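Heads up: the structure comes next, in structure tokens.
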Amino acid sequence: MLPMFFWAFVVGGLFCVIGQICFDVFKLTPGHTLSALVVLGAILDGVGLYEPLLDFAGAGASVPITSFGNSLVHGALQEAEQHGLIGVLTGMFEVTSSGISSAILFAFIGALIFKPKG
Amino acid sequence: MCAKPKKTPDQEQYDQLEKKYETKRPVLKNCLRAFWVGGLFCLVGQAISYFYIYFFNFTEQTASNPTVATMIFIAMLLTGFGVYDRLGQFAGAGSAVPVTGFGNAVISAAIEHRTEGFVLGVGSNMFKLAGSVLLFGVFSAFVVALIKTILIYMGVI
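What follows is the structure in structure tokens.
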């Protein structure tokens with residue numbers, strides 16, 4: 001259990017360093033950086049590298065935004081196995097629905113509770 | 119990408135002047151801060167996923183779903199109390215890259231536009247910042263999954 005915490009910390013931290021390098025060295029905006037990381041996650045899952053990383057680092061790989069791209073591909077492939085090509089379209093949000101739905105839900109609740117500052 | 123129009127000598131001079139006065143970014147310090155703050159977020163995420171594994175019978179594979187939801191809930195509280203803004207200034211990508219950064223982008227846009235009403239303000243501006251992540255995530259995932267499915271059909275892999 002303890003090495004898992006360690007590797008989650010290290011791998012998650014390294015993803016953030018990649019993001020920070022995109023900010024500082026390549027002078028990208030946060031929007032560009034996050035989009036690039038999501039695409040990176042999708043490609044990594046496509047070539048089959050993300051799943052071993054998830055087994056190895058746990059939340060270190062599932063908490064950074066790259067896992068969003070990974071789980072989109074994953075849902076699409078899962079459904080494609082059962083229904084063929086059309087499954088790529090219908091299965092897209094199968095796995096990642098929790099992130100999207102909780103973001104929408106909590107954003108609305110947040111807007112109900114909190115008032116804008118400044 | 120469209121080609122940039124050629125710069126006039128005045129513009130070039132201004133560019134040089136701008137470069138001279140631009141503050142140097144402390145890349146190494148920023149990277150260290152991003153590393154330990156981002157690592158800390160993932161550490162908390164790992165703790166939350168163990169919590170779900172031991173108390174709610176999730177497996178290691180499925181635990182990441184409730185973990186992400188919980189992290190976004192935490193992001194809601196931090197954003198609402200104004201903590202996440204300051205954290206973002208301190209840690210840069212360390213607070214933006216974890217899924218809490220995605221949550222923060224959605225939630226801060228929702229809170230910011232609440233004065234314009236719930237339908238036209240909150241509803242239509244919610245994905246103002248995070249929309250690009252969704253778009254390129256979905257599009258790249260579609261291309262990757264399509265290629266892989268076709269390759270499987272053709273018997274390549």
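Protein sequence lines correspond, in order, to chains Y and W. Residue numbers for the first sequence follow the working numbering, so the first one is 1 and each next one is one higher. Residue numbers for the second sequence follow the working numbering, so the first one is 119 and each next one is one higher. Backbone N, C-alpha and C fix where the C-beta goes; we use that ideal spot for every residue, glycine too. These figures come from a predicted structure and were not determined experimentally.
Applying a beta-carbon distance threshold of less than 8 Å, which residues of chain W neighbour Y:Thr90?
Within 8 Å Cβ-Cβ: nothing; Y:Thr90 doesn't reach chain W, min ~11 Å.
What are the start and end residues of the alpha helix (DSSP H) that includes W:Thr185?
Ser182 to Gly198
How should Y:Gly84 be labelled, buried or exposed, when 16 other C-beta atoms within 10 angstroms of its C-beta is the threshold for buried?
exposed
Let's see if you can read the secondary structure: which residues bound the alpha helix (DSSP H) around W:Val237?
Premise fails: W:Val237 is in no alpha helix (DSSP H) and is neither H nor E.
Using a Cβ-Cβ cut-off of less than 9 Å, list which residues of the region 216-234 of chain W approach chain Y; keep chain order.
Pro216, Val217, Thr218, Gly219, Phe220, Gly221, Ala223, Val224, Ile225, Ser226, Ala227, Ala228, Ile229, Glu230, His231, Arg232 and Thr233
In this structure, what does DSSP give as the bridge partners for Y:Pro64?
W:Pro216
Enclosing alpha helix (DSSP H) for W:Phe274 [first to last residue]
One point to set straight first is that residue 274 of chain W is Val, not Phe, in the sequence displayed. That residue, W:Val274, is in no alpha helix (DSSP H); it is neither H nor E in DSSP.
Can the beta-carbon of Y:Thr96 be found less than 8 Å from the beta-carbon of Y:Phe15?
no
Which of helix, strand or coil DSSP assigns to W:Gln179:
coil
For W:Gly156 versus W:Gly212, is the C-beta spacing smaller than 8 Å?
yes
W:Thr267: contacting residues in chain Y (beta-carbon distance under 9 Å)
Ala76, Leu77, Ala80, Glu81, Gly84, Leu85, Gly87 and Val88
In this structure, does DSSP put W:Thr126 in helix, strand or coil?
coil
Mind the definition here: the region 247-263 of chain W touches the region 34-46 of chain Y only if three or more C-beta pairs lie below 8 Å; say whether that holds.
yes
Confirm, please, whether the CB-CB distance from W:Ala227 to W:Leu205 is below 8 Å.
no
Along chain W, in chain order, which residues have C-beta atoms closer than 8 Å to that of Y:Pro52?
The premise fails here: Y:Pro52 is roughly 13 Å from chain W at the closest Cβ pair, so nothing lies under 8 Å.
Measuring only the C-alpha atoms, how far is W:Tyr202 from Y:Tyr50?
28 Å
Chain Y contact for W:Ile190 (CB, 8 Å cutoff):
yes
Buried versus exposed call for W:Ser242 [16 or more other C-beta atoms within 10 Å across all chains shown]:
exposed
Considering only the beta carbon of each residue, do W:Val215 and Y:Ser35 sit closer than 8 Å?
no
Assign Y:Phe26 to buried or exposed, taking buried as 16 or more other Cβ atoms, counted over all protein chains shown, within 10 Å of its Cβ.
exposed
Run down chain W in chain order and give the residues with a C-beta less than 9 Å from the C-beta of Y:Phe26.
Within chain W, no residue comes near Y:Phe26; the closest Cβ sits about 11 Å away, beyond 9 Å.
In the structure shown, what three-state DSSP assignment does W:Met244 receive?
coil
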